[in-house]
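Chains A and B, in that order, are what the protein sequence lines are. Quick note on my numbering: the first sequence kicks off at 62 and runs consecutively. Quick note on my numbering: the second sequence kicks off at 7 and runs consecutively. The beta carbon of each residue, even a glycine, is placed where N, CA and C say it ideally should be. These numbers come from a predicted model, not from an experiment. Reading through the structure tokens given below for one structure.
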Amino acid sequence: MSGPIVNESHYSRLPLFCLRLGAFLCFAGWTWVHYYWEGPYGVLLWQDSTFELATRLGLSWDEFVGSGADDGFVQKWIARIWWLYLVCTVLTVTVRERSWIQMSALVAGSGLLVLLSYASFVASQRQLPMFVEHGGQMLIPILLVMALGLGPGHRVTVTTAIVAVIMTFAGHGSYAIGLWPTPGNFYAMTTVILGVDYETAQALLRTAGVLDFLVCVGICIPLVRRGSALYAAGWGFLTAIARPVAGMSWGLNYWGGDQYLHEAVLRAPHFLIPMFLFLIWRRPRPSEAQIN
Amino acid sequence: MNLHRTKSIACCCFALLFFGHTALAQQNSQRRPGRAILEIPEVPRSEVICFALYTVHDNTLKLTAQLYPLQSGEPTAVRLEIQKDGQWVEVARTDVIERGWTAPFRVEDWDDTQAYPYRVRHGSEAVYEGLIRKNPVDKDEIVVAGFTGNSIQPAHGGDISRQDLIDNVQKVDADLLFFSGDQVYDHNRHYAAWLKFGRDFGEIIKDRPSVSLPDDHDVGQPNLWGESGKISTLSGNADGGYRQPGIYVQEVERAQTSHLPDPVDPRKIGQGIGVYFTNLNWGDIDFAILEDRKFKTGPAGRVPKQGPRPDHIRNPDYDPASVDVEGAVLLGQRQLDFLDAWARDWHDAQMKVALSQTIFCGGAHIHGGANGRLHADMDSNGWPQSGRNRALESLRKGFAFHYAGDQHLATIFHHGIDEHRDAIWSFCVPSIANLYLRWWEPLQPGQNREPGSPEYTGDHLDGFDNKVTNYAAANPDKKPAGNLLNTRAAGFGIVRLNKKTRQITMECWPRNVDVTDPSAHQYPGWPLTISQFDNYNPPSWGKLGELTFDVDSPVVQLVDAESGEILYTVRVNGKSFVPGAPEGQSFDIKAGQDAPEKTVVQGAQVGGEATAVQLK
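In structure tokens:
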């Protein structure tokens with residue numbers, strides 16, 4: 062995996078593209094959320110403790126949340142924060158092997174995604190899988206930086222990618238299998254897309270949950286890791302597009318695209334990180350082996 | 007703002023986002039528990055019946071016993087016994103429904119002229135006792151205690167005992183309890199939370215009729231536009247429909263509403279979900295029980311985007327007519343048909359009250375504090391405007407008073423359709439423990455305010471351009487001052503319906519006060535007393551000639567002589583009545599002792615002559 066590869070640039074081009082595309086789509090999706098809709102920070106900011114800290118830092122109440130007649134610090138910054146995501150989106154395209162400043166910015170972008178995941182975690186009454194299942198999204202900017210700085214096939218890069226996949230699938234699987242209450246939208250999407258009743262939807266979700274955990278194990282076993290990664294890529298893609306498939310309709314404004322498409326786009330790491338691993342673990346073709 | 011200030015704020019922002027919450031949350035956690043612990047306790051088999059809710063209507067008793075989980079091998083039969091002449095007599099028996107562990111009983115030919123002690127029994131050990139009250143038809147004043155928003159989270163004061171509420175309900179000896187929604191905030195474990203609700207409120211529920219209406223959080227989602235049982239897949243659920251599987255929603259409704267009188271139109275909606283809209287006649291007060299959300303259209307993708315959420319409008323310059331889209335439903339035709347019939351029917355009824363989840367307007371301007379000013383919220387019954395107006399038109403035809411909750415902000419509004427104050431009054435009660443703060447804080451002072459009233463009262467347009475007149479708002483403190491209940495404007499409502507005077511008195515009490523203590527204060531603006539007849543008394547109307555009757559309190563109906571449309575139907579108070587009516591139109595007046603069967607005046611107009619009517 063981390064051995065010498067003569068034609069490194071050719072061999073790693075596609076896996077690297079997967080990470081670049083995944084990070085680009087993830088940030089682009091979240092840029093859309095922050096620009097067109099609103100970032101989910103209210104759950105973090107509307108706290109006694111947050112205001113206490115703001116007070117210590119010299120902000121009055123009116124400055125913090127607004128006077129009622131005008132916006133305060135919170136609303137203004139929530140409305141502006143989309144710029145940070147847009148910058149990160151652009152950086153995923155422009156970042157190169159020695160672009161240390163851009164790489165640092167992308168790592169900071171990963172911090173933004175961690176914050177979003179933390180907000181989702183708090184909003185879910187601190188259900189652990191809610192944070193864990195965002196592992197792919199949180200780690201993909203760092204993975205891109207690692208792939209550029211260390212190489213896509215470097216042990217650290219691959220291990221981090223494995224961790225990202227395990228987090229995504231373990232989090233998802235914990236809900237699907239019922240270790241934590243299965244979210245209603247899991248049933249809803251299954252029922253709407255497949256047209257099945259509750260019992261069938263539940264059986265399908267439980268099965269998918271078991272397979273999620275098998276992926277987490279299989280991806281660590283050399284003999285089955287490629288198959289596991291391929292399954293994870295396929296399943297990750299299906300669960301990502303499930304939202305627009307279930308929700309979009311001809312009768313809605315813009316067919317509902319503004320409501321649903323970003324939900325699939327920002328989940329691109331869920332299938333592109335496994336695809337990265339699948340490609341990294343492919344056997345070199347004879348021509349590549351001969352060069353080696 | 008100078009550079010130093012900007013830097014300071016930027017540093018603050020960074021620190022807040024990354025470190026603030028976690029660091030200080032830990033400090034707070036030493037002062038109060040962080041989160042509610044919700045679990046289903048192991049109980050002795052003798053206490054396996056948690057609580058029981060009931061109503062009596064039209065000589066039918068419906069009682070639902072809520073059980074803790076039964077163990078394998080235990081009998082599933084549950085018995086209902088009443089005490090008659092000193093003897094316990096079994097009057098009904100049913101099998102517990104395992105999904106939700108409810109045991110719904112139904113007893114027909116119920117004698118509501120007497121009170122009966124009852125007991126629910128399971129197996130040989132479990133007994134739960136209460137009292138089925140006699141129908142309080144002989145009482146002049148019917149007292150209805152109203153509650154909403156039962157957060158159990160310590161951050162909202164939800165871990166503070168409800169004993170003050172129990173004590174106050176006992177002191178005023180409420181005839182009916184009304185839980186308007188969000189009895190449960192847990193989105194996945196309704197059963198466990200409902201059991202906790204029963205442990206908290208069972209002491210008052212067991213001895214008097216109760217109405218509980220499941221709202222959005224009860225069925226497991228942040229907002230609800232039911233769209234006749236559609237499946238919702240969008241985060242936030244503004245696409246319409248239910249987020250949780252139909253089987254979950256059915257369980258919730260069975261637990262909370264299966265003790266209500268039979269639905270008037272029981273056809274199921276999508277996913278096999280039932281309906282419960284109906285009427286409850288108790289103490290000669292006719293209550294319409296409505297479902298604001300069940301048929302309501304979801305706004306996402308149907309209305310032009312006007313804010314950071316599909317259901318929120320931030321842009322104050324938007325065109326309100328642009329969101330009143332064709333085909334958008336509020337109550338739905340089935341409920342409107344019911345309301346039209348209900349407003350005409352005054353058998354055994356002296357006053358009418360509509361009970362539903364929320365009020366028919368956008369009743370708040372600032373939502374959540376940190377979320378800032380919101381011009382309009384499509385979760386409110388102010389949207390869609392056409393549906394809102396249609397509902398109010400139906401309700402005012404019966405001079406119905408509206409009692410609701412949901413808003414987390416207690417208010418009194420007098421609603422208008424074509425002009426201010428031409429429709430019904432509403433009272434939105436405060437939350438038991440307030441999950442989410444809202445403020446009624448219009449930017450412009452209201453017109454036509456009562457002398458000495460705050461500027462936020464008076465005539466306003468809400469964010470949908472609906473005409474509303476505010477009389478009171480129990481705004482919370484501007485800063486989230488710790489976790490005290492009353493800084494978050496928690497409390498409960500009491501409505502006194504006086505059949506003798508036909509007056510309606512609204513009381514709005516904070517938590518942890520003794521309502522019988524003369525020194526106890528209600529929220530500013532309460533109490534307020536109105537007349538039943540204020541619920542349809544437009545300022546532009548004049549008076550027809552006085553009617554005098556040879557019977558006491560007959561039913562009178564005004565019918566437009568040209569169109570044949572009913573203007574209103576009402577049971578008058580006493581032997582005389584001066585009907586209000588619009589200028590320049592002619593009306594046929596019908597009357598009767600219990601129904602308007604006889605035309606007594608034809609072509610009546612404003613300023614007409616008095617008429618003596620014989621109905622015997």
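Tell me, please, whether the CB atom of residue i is closer than 8 angstroms to any CB atom in chain A?
i	result
Thr303/B	no
Thr643/B	Nothing about residue 643/B can be read from this structure; chain B reaches only from 7 to 622.
Asp245/B	yes
Asn34/B	Any answer about Asn34/B is weak, because its pLDDT of 39 lies below 50 and its placement is not dependable; what the coordinates show is given next. Yes - at least one Cβ of chain A is within 8 angstroms of the one on Asn34/B.
His27/B	Low confidence applies to His27/B: its pLDDT is 40, below 50, so where it sits in the model is not reliable, and the reading given next is rough at best. Output row for His27/B: interface = yes.
Asn194/B	yes
Ala495/B	no
Arg112/B	no
Ala198/B	no
Gly252/B	yes
Pro316/B	yes
Arg350/B	no
Ala370/B	no
To the nearest angstrom, how far is it from the Cα of residue i to the Cα of residue j?
i	j	result
Ser400/B	Thr575/B	11 angstroms
Ala397/B	Ala294/A	51 angstroms
Ile237/B	Pro123/B	43 angstroms
Arg340/B	Asp271/B	8 angstroms
Glu124/A	Gly378/B	12 angstroms
Gly242/B	Pro335/A	29 angstroms
Thr617/B	Glu568/B	21 angstroms
Arg328/A	Gln198/A	7 angstroms
Ile365/B	Phe405/B	16 angstroms
Ala294/B	Glu425/B	25 angstroms
Gly133/A	Val271/A	47 angstroms
Val607/B	Val62/B	38 angstroms
I'd like to know if residue i contacts chain B, where contact means its C-beta is closer than 8 angstroms to some C-beta of that chain.
i	result
Val253/A	yes
Leu167/A	no
Ala325/A	no
Gly317/A	yes
Trp342/A	no
Leu266/A	no
Arg304/A	yes
Gly127/A	yes
Pro242/A	yes
Arg187/A	yes
Gly308/A	yes
Ala356/A	Within the shown structure, residues of chain A are numbered from 62 to 353, placing residue 356/A beyond reach of any answer.
Arg194/A	At residue 194/A the sequence reads Glu, which differs from the Arg that was named. Chain B, which has no Cβ nearer than 8 angstroms to the Cβ of Glu194/A, makes this no.
Asp132/A	yes
Trp98/A	yes
Leu313/A	yes
Just reading off the beta strand (DSSP E) that residue i is part of, what are its end residues?
i	result
Lys177/B	Careful: Lys177/B lies outside any beta strand (DSSP E), inside the alpha helix (DSSP H) at 169-178.
Ile162/A	Per DSSP, Ile162/A belongs to no beta strand (DSSP E); it is in the alpha helix (DSSP H), 161-184.
Gln93/B	93-101
So, under 8 angstroms CB-CB, residue i and residue j are touching, yes? Tell me the CB distance rounded to an integer number of Å.
i	j	result
Gly308/A	Gly317/A	6 angstroms
Gly208/B	Phe57/B	3 angstroms
Gln391/B	Asp330/B	4 angstroms
Ile223/A	Ala84/A	That belief does not hold up - the Cβ atoms of Ile223/A and Ala84/A are roughly 17 angstroms apart, past 8 angstroms.
Thr119/B	Asp101/B	About 31 angstroms; that fails the 8 angstroms criterion.
For the alpha helix (DSSP H) holding residue i, just list the boundary residues, first then last.
i	result
Ile46/B	It is not in any alpha helix (DSSP H) - Ile46/B carries neither H nor E in the DSSP assignment.
Phe230/A	216-238
Ser392/B	391-402
His265/B	Counting along the chain, His265/B falls outside any alpha helix (DSSP H), and DSSP gives it neither H nor E.
Count the C-beta pairs between the region 107-127 of chain A and the region 172-179 of chain A that are closer than 8 angstroms, then say yes if the count reaches three, no if not. no
Can at least three beta-carbon pairs, one atom from the region 349-359 of chain B and one from the region 441-457 of chain B, be found at a separation below 8 angstroms? no
Contact between the region 187-202 of chain B and the region 256-267 of chain B (3+ Cβ pairs under 8 angstroms): yes
So does the region 87-97 of chain A actually touch the region 321-334 of chain A, counting three or more Cβ pairs closer than 8 angstroms? yes
Taking contact to mean at least 3 C-beta pairs separated by less than 8 angstroms, is the region 546-554 of chain B in contact with the region 603-617 of chain B? yes
Segment contact flag, the region 123-133 of chain B with the region 407-422 of chain B, C-beta cutoff 8 angstroms, min 3 pairs: no
Counting Cβ pairs closer than 8 angstroms, one from the region 40-50 of chain B and one from the region 173-187 of chain B, do we hit at least three? no
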